[in-house]
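Asks: I am attaching a structure below and will ask some questions about it afterwards.
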Amino acid sequence: MSSPGTAPPAEVMSIASPINLILLSLFVVLVYMQFRPKAPVTLPKSPPPIVFRTFTPTTLLEFNGVDGKPVYLAVRGRVFDVTPGRNFYGPGGPYENFAGRDASRGLAHQSFDEEMLTKDLKGPLDDLKDLDAEQMENLQSWEERFLEKYLVVGKLVAEGDPEAPKS
Ligand code: HEM
1 MSSPGTAPPA EVMSIASPIN LILLSLFVVL VYMQFRPKAP VTLPKSPPPI
51 VFRTFTPTTL LEFNGVDGKP VYLAVRGRVF DVTPGRNFYG PGGPYENFAG
101 RDASRGLAHQ SFDEEMLTKD LKGPLDDLKD LDAEQMENLQ SWEERFLEKY
151 LVVGKLVAEG DPEAPKS
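What follows is the structure in structure tokens.
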């Protein structure tokens, strides 16, 4: 038995040796590292899935890039997501007339004038039958460029077409 004021017995001294104290603190640190609360794992956000849709000229209209909405346009029945080209087709862009519209005739004529756009959105699609060879060639090369650059997100059909989305 040790009395107050006297040194602890030798076996206690050997347990509390500096090397043991270092090992103990290392152990405590390791246990803490193992069990400390970890920040929740956040996975990078994946882009929204692309759903292939059928549009009519009326339902396509809203995809004009206004208020941050996507920008779509149609070329010969294919609907392209041209949102990456918002500078061209978005509000204030040089080709904004094409946004949310069938751009086929305008591309064929190399003109983004209003009169190139189908007036009657509820009527038949522009069949482009009056285009000459050069205009068809223009259209073809624009179409190829769009196919390389943009995603096809749907097809354009006339209102009343059996494939048209039910409103
Ligand atoms: C004053 C005449 C015009 C000028 C100076 C002009 C200029 C340009 C420029 C600099 C580009 C970007 C090219 C690139 O970086 O790939 C471009 C693209 C384009 N231009 Fe024009 N352009 C003109 C007329 C027209 C007209 C009349 C049309 C009508 C169809 C048109 C339709 C387009 C289209 C569809 C694109 C492709 C945009 C894209 O990549 O999505 N341009 N134009």
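Per full-length UniProt numbering, residue 1 is the first one in the sequence shown, and the count goes up by one each step.
Just so it is clear, CB atoms sit at the ideal spot from N, CA and C, and this is done for glycine as well.
Taking just the CA atoms, how far does Gly93 sit from Gly68?
Replies: 14 angstroms
Asks: Please tell me whether, using a cut-off of 7 angstroms, the distance from the CB of Ser141 to the nearest non-hydrogen atom of the ligand HEM is below it.
Replies: no
Asks: Are three or more beta carbon pairs between the region 110-125 and the region 88-102 nearer than 8 angstroms?
Replies: yes
Asks: Between Met33, Trp142, Leu125, which lies nearest to Asp102 when the distance is taken from Cα to Cα?
Replies: Ranking Met33, Trp142, Leu125 by CA distance to the CA of Asp102 puts Leu125 first.
Asks: Verify the CB distance criterion: does Gly106 have a CB-CB separation below 8 angstroms to chain B?
Replies: Among the protein chains of the structure shown there is no chain B, as only one such chain exists.
Asks: When DSSP labels each residue in this structure, what does Lys166 get in the three-state scheme?
Replies: coil
Asks: Classify Phe112 as helix, strand or coil using the three-state DSSP reduction.
Replies: coil
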